[in-house]
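Take a look at the structure set out below.
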Amino acid sequence: MVTVKQFRQRQTRLLRQLPPSSVLVLPAAQLVTRSRDTEYVFRQNSYFWYLTGFNEPDAWLLLSNHERYAGDYRALVCQAKDPQLEIWHGKRLGPEQALETFKLDEAYPTEVLPEVLTEWLEGHQQVFFPQGEFAFADEAVFAVLDTLRKTPKQNLAPTALMDCRPLIHEMRLLKSREEIAVM
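Per the numbering used here, residue 6 is the first one in the sequence shown, and the count goes up by one each step.
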C-alpha cells in the first residue's frame, strides 16, 4: 500500500525537476455518463493517482515551487461534501478532510476553481499541464491564461506552457517496493 508520505515524496521529486517559479496543474478524471442518469465505473487518471492517491472525480492537484511560498506548496481542489449526491455517487472526502488526510497546504471546493486557478497561475513563469488530455481542463486553464494575458501592464501571465506528462511518466518507470507489492 502506498502511503500519503510516499505520495508527498513523489510530489516533491516532481517539483525538484521543474524550473523555479513553476506551477503544476493536474486535473483528475471526470465521471462519464453511460446513459441518462447512469455512469460508467469511475477510473482515476493515472498521473493524478500516481501523485495523490485521491480517487474522486472532478479534482485538481496544484503544486508550486514559487519563491512566494516558503518551499513547496500543495493544494487540492475537490468536490464539497453533499449528503444528497453522496447517496447516488458515493462518499466524498471534501476539502476540509482532504486537507488533513493528504497533508496539503490548502484545499478548495470545485465551485471556486476559476478563482483558484487565477490565483495559482498568476506570477508563475511556467505552467506544467497535460494539454489536450481533457477538453474541460484545457478550457478552464486557457480561460485563466487569457484573462491574465489581457490584464494590461501587469505581466501576470506565465510565459511558458509545458507538458507535465513526460516528467511524470519517467518517474512512474521506476517502481518502489510498495508499488511492486500492489502489482
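Every residue gets a Cβ at the ideal spot worked out from N, C-alpha and C, and that includes glycine.
Everything numeric in this text was worked out from a predicted model, so none of it was measured.
Burial state of residue i, where buried means 16 or more other Cβ atoms lie within 10 Å
i: V121; result: buried
i: S181; result: exposed
i: V187; result: exposed
i: V117; result: exposed
i: A162; result: buried
i: A148; result: exposed
i: L104; result: buried
i: P62; result: buried
i: R79; result: buried
i: A75; result: exposed
Nearest-angstrom beta carbon gap, residue j and residue i [assumed within contact, 8 Å]
i: S51; j: H129; result: Incorrect: roughly 25 Å between the Cβ atoms, too far for contact.
i: A64; j: L81; result: 6 Å
i: L166; j: L126; result: About 10 Å; that fails the 8 Å criterion.
i: L29; j: L23; result: 7 Å
i: V146; j: F134; result: 6 Å
i: D77; j: L68; result: 7 Å
i: Q14; j: A34; result: Q14 to A34, Cβ: 23 Å. No contact.
Own chain residues within Cβ distance below 6 Å of residue i, not counting five before or after
i: G99; result: A85 and K86
Spatial neighbours of residue i in its chain, beta-carbon cut-off 7 Å, leaving aside the 5 residues before and after
i: T38; result: E44
i: N70; result: L20, L23, P25, S27 and D77
Item checked: Inside the segment 65-95 only - beta strand (DSSP E) runs reaching at least 3 residues -> 65-69 and 78-83
Check: Can you list the beta strand (DSSP E) stretches of 3 or more residues lying completely in the segment 119-171, in chain order?
Finding: 131-133 and 165-167
Next item on the list: Report yes or no: do the segment 108-115 and the segment 130-141 share at least 3 C-beta pairs separated by less than 8 Å?
Entry: no
Next item on the list: Assess, as a yes-or-no matter, whether the segment 56-63 is touched by the segment 9-27 under the definition of 3 or more beta carbon pairs within less than 8 Å.
Entry: yes
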